[in-house]
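K.L.:
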Amino acid sequence: MQPHIPYILPLNVPSELSYVGEDDSEYFTEVYGRRVNSMNKRYMLPADADEIRRSELHHRMIQFLFAGKNYVGPVKEILTGGPRKSKVLDLGTGGGHWAIDMADEFPHSEVIGVDLAPIQPRKVPVNCTFELCDLDQWHLPYPNEYFDVIHARSMHTGIKNYPRLLIEIARMLRPGGLVILIEPDTEPIVDGKFASQIARSGHASGMSGWVTLWREYRRCLKAKGIDLSAPSRLRKLIQATSAFGKVISQQADIPIGFWPKDDVNLTIGQLAWLDYDLLLPAMRPLLLSNGKHESEVKTLVENAHHDLYYPIVNPSTRLHVVHAIKRS
Ligand SMILES: C[S@@+](CC[C@H](N)C(=O)[O-])C[C@H]1O[C@@H](n2cnc3c(N)ncnc32)[C@H](O)[C@@H]1O
1 MQPHIPYILP LNVPSELSYV GEDDSEYFTE VYGRRVNSMN KRYMLPADAD EIRRSELHHR
61 MIQFLFAGKN YVGPVKEILT GGPRKSKVLD LGTGGGHWAI DMADEFPHSE VIGVDLAPIQ
121 PRKVPVNCTF ELCDLDQWHL PYPNEYFDVI HARSMHTGIK NYPRLLIEIA RMLRPGGLVI
181 LIEPDTEPIV DGKFASQIAR SGHASGMSGW VTLWREYRRC LKAKGIDLSA PSRLRKLIQA
241 TSAFGKVISQ QADIPIGFWP KDDVNLTIGQ LAWLDYDLLL PAMRPLLLSN GKHESEVKTL
301 VENAHHDLYY PIVNPSTRLH VVHAIKRS
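According to this note's numbering, the sequence shown is numbered sequentially starting from 1.
1. What I want to know is whether the C-beta of A230 ends up closer than 7 Å to one or more non-hydrogen atoms of ligand 1.
2. Classify A49 as buried or exposed, calling it buried when 16 or more other Cβ atoms lie within 10 Å of its own Cβ.
3. Since Y27 and A117 are thought to touch, with beta carbons under 8 Å apart, how far apart are those beta carbons, to the nearest angstrom?
4. With a threshold of 6 Å on Cβ separation, who are the neighbours of A304 within its own chain once the five nearest residues in sequence on each side are excluded?
5. Exposed or buried, which one is R350 when buried takes at least 16 other CB atoms within 10 Å?
6. Comparing C-alpha positions only, which one of L132, L79, S154 and D24 sits nearest to R318?
7. Does the distance from the C-beta atom of D253 to that of S316 stay below 8 Å?
8. For a test of the three-state rule: what should DSSP assign to Q120, helix, strand or coil?
9. Is any heavy atom in ligand 1 found nearer than 7 Å to the beta carbon of D136?
10. Measure how close the beta-carbons of M172 and N127 come, nearest whole angstrom, since I'm counting them as under 8 Å.
11. Can you name, in chain order, every residue of its own chain whose Cβ lies under 6 Å from the Cβ of I8, other than the five neighbours on each side?
12. Using 7 Å as the cut-off, classify the Cβ of Y276 as near or not near the heavy atoms of ligand 1, replying yes or no.
13. Relative to the alpha-carbon of S55, which residue among K69, G96 and P74 has its alpha-carbon at the smallest distance?
14. Measuring from the CB of S205, is there a heavy atom of ligand 1 at a distance below 7 Å?
15. Taking 7 Å as the line, does the beta carbon of S154 fall inside it for any heavy atom of ligand 1?
16. Report the rounded CA-to-CA distance for I100 versus L132, giving the unit in angstroms.
17. Beta-carbon within less than 8 Å of D221's beta-carbon, same chain only, minus the 5 sequence neighbours each way: which residues are those?
18. Using the rule of at least 16 other Cβ atoms within 10 Å of the residue's Cβ for burial, across every protein chain shown, is K87 buried or exposed?
19. Would S295 pass as a contact of M44 if the rule is Cβ separation under 8 Å?
20. Cβ-heavy atom distance between Y43 and ligand 1 below 7 Å?
21. Does DSSP put S320 in a helix, a strand or coil?
22. Just reading off the beta strand (DSSP E) that R35 is part of, what are its end residues?
23. DSSP puts V31 in a beta bridge; with which residues?
24. Please return the same chain residues whose Cβ sits closer than 6 Å to the Cβ of H151, not counting the five positions on each side in sequence.
25. Considering only C-alpha positions, which residue in the set G206, E183 and I182 is nearest to G192?
26. So does A117 have its beta carbon nearer than 7 Å to some heavy atom of ligand 1?
27. Thinking C-alpha only, which one of Y217, R35 and D136 is nearest G291?
28. So, helix, strand or coil for S208, using DSSP?
29. Flag this pair as yes or no: are the beta carbons of I238 and G177 separated by less than 8 Å?
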């Protein structure tokens, strides 16, 4: 780790990215008692200390899922051995944990993490930089074929036009470059079944507080124009760009809580439990700004917390993981 590295601008694209100095208050605003980003009003999960903690838990949980690795696909082969310094882009970098780990693992690569809010640490490896940019725009401020690897994880709820983002990813990747997309479903799974399936069959889920909060959260995201089917359609959406060869798609049901019997899944479940414990109250700004009453939101969050703390069934969530190489 090196001393203070400021947020900097990449070459050639000075106007659309922001430089963050000592005072970064202009990049934040307060919504119902939580600090959120001020750049994109659609994305309402907080950008504060609790959310940074949650971002790290999320990162460590996925590392466990990937058996200690930060990625799927031929990242090592793509980033090492080439004639020029390779470049990695992390979209919606959050607390920047993935970007920092990648910069440490690949000291000869340049890693750029981009987000709506400057919530990343200022002390980072010399080959890691953070930049501010709303990724939900028609054109992103990076040159064609600039990156070797582009990674986007758990950020579809801030992107209205996900197909457009994929077209931009294809443009910014060099031929032979790798895209990795990882997105969790927002529909809860209970005892191995989607909550909507259970409701259709007329049975009780055993987690009505949990399921109700997620239903309301999804309603609010839909009202903001977010396509909630994007995670489960990642493969199709990438194929639709026509820029990639074979798309490799995987999915994993992430246990939430202490119910798994084997050590690895138990660790994943514990990290997911801690992540969701912080996520439930983090939904408040979105729910309240969609017109829900304070007391209604309090009850929604309390009931969901109750189900998380005292489950009588086994909750999980589905994670979609896709990677593909850009055609030469
Ligand atoms: C749930 S966090 C995930 C952080 C990190 N990718 C991870 O997996 O640990 C989502 C991040 O995506 C960022 N994000 C969401 N929509 C965005 C947008 N339109 N432009 C840039 N960043 C966005 C948010 O600010 C937030 O930091």
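Backbone N, C-alpha and C define an ideal beta-carbon position, used for all residues, glycine too. From a predicted model like this one, the values you see are computed outputs, not experimental measurements.
P.N.:
Taking the definition as stated:
1. no
2. exposed
3. 6 Å
4. G209, W210, L213 and L280
5. Only positions 1 to 328 of the chain appear in the structure, and residue 350 is not among them; the question remains open.
6. S154
7. yes
8. coil
9. yes
10. The pair is not a contact, with the Cβ atoms about 19 Å apart (cut-off 8 Å).
11. Here I8 scores only 45 on pLDDT, less than 50, and its place in the model should not be relied on; the value that follows carries that caveat. Once the five neighbours on either side are set aside, the close Cβ partners of I8 are T129.
12. no
13. G96
14. no
15. yes
16. 16 Å
17. The amino acid occupying residue 221 in the given sequence is Leu; Asp does not appear at that position. Once the five neighbours on either side are set aside, the close Cβ partners of L221 are T157, T186, L228 and L286.
18. buried
19. no
20. yes
21. According to the sequence as given, residue 320 is His; it is not Ser. It is a strand residue.
22. R34 to N37
23. R34
24. D90 and I180
25. G206
26. yes
27. Y217
28. helix
29. no
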